[in-house]
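Q:
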Amino acid sequence: MSERATEDVPDSEDEWRERLTDEEYEILRERGTEPRFSGEHLNRDEEGRYLCAGCGAELFDSETKYDSGCGWPAFFAANDDNVETETDTRHGMRRIEVLCKNCGGHLGHVFDDGPDPTGKRYCINSVAIDFESDEN
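Residue numbering for the sequence shown follows the working numbering, beginning at 349 and increasing consecutively.
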């Protein structure tokens, strides 16, 4: 796990603003969404792990990443120890929001149109995740 995961999770939004970039804050803390096909991890195909950009918790493994064509990095499985979901009814829609269980950061949404073996598509904002290569 990254060094960031050993840091304390901020207690206030002011502390989060100090820790995160403006873009990270908008996505992770204000539940924003980056533009489709714009994220740095969309076409990444290296072996490794995807960590929460807010706290460093391990969220996804590269073995579960696939090209869904949706415009955001997609995974068919998550690390259940560090990922949780809740119903999101914003914007007149009913979706399932994906959150970091450690820091509560908004990661994206999960849909039931993914590939086997889970049938899930975790559609995740690149800004919300950091990549840690297996080659390190």
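Cβ coordinates follow ideal geometry from the N, Cα and C atoms, glycine included. Please read these numbers as outputs of a predicted model, since none were measured by experiment.
#1: Between the Cα of T488 and those of E372, K413, C403 and L390, spot the shortest distance and give me the residue it belongs to.
#2: Below 8 Å on the Cβ atoms is my guess for E445 versus H454; work out the distance and round it to an integer in Å.
#3: What is the DSSP secondary structure of A422, counted as helix, strand or coil?
#4: Please name the residue, chosen from R384, N427 and E378, that lies closest to G419 on a Cα-to-Cα basis.
#5: Could you compute how far the alpha carbon of D460 sits from the alpha carbon of D359?
#6: Would K468 pass as a contact of A405 if the rule is Cβ separation under 8 Å?
#7: Between which two residues does the beta strand (DSSP E) holding L376 run?
#8: Going by DSSP in three states, T433 sits in which element: helix, strand or coil?
A: Once the coordinates are examined:
#1: With the chain running from 349 to 484 in the structure shown, residue 488 is simply not present.
#2: Taking 8 Å as the upper bound for CB-CB distance, E445 and H454 are in contact here, some 7 Å apart.
#3: If DSSP states are grouped into helix, strand and coil, A422 belongs with the strands.
#4: Among R384, N427 and E378, the Cα nearest to that of G419 belongs to R384.
#5: Going from the Cα of D460 to the Cα of D359 covers about 34 Å.
#6: For the 8 Å CB-CB criterion, K468 and A405 do not form a contact.
#7: From DSSP, L376 is part of no beta strand (DSSP E) but of the alpha helix (DSSP H) over D370 to L376.
#8: Strand.
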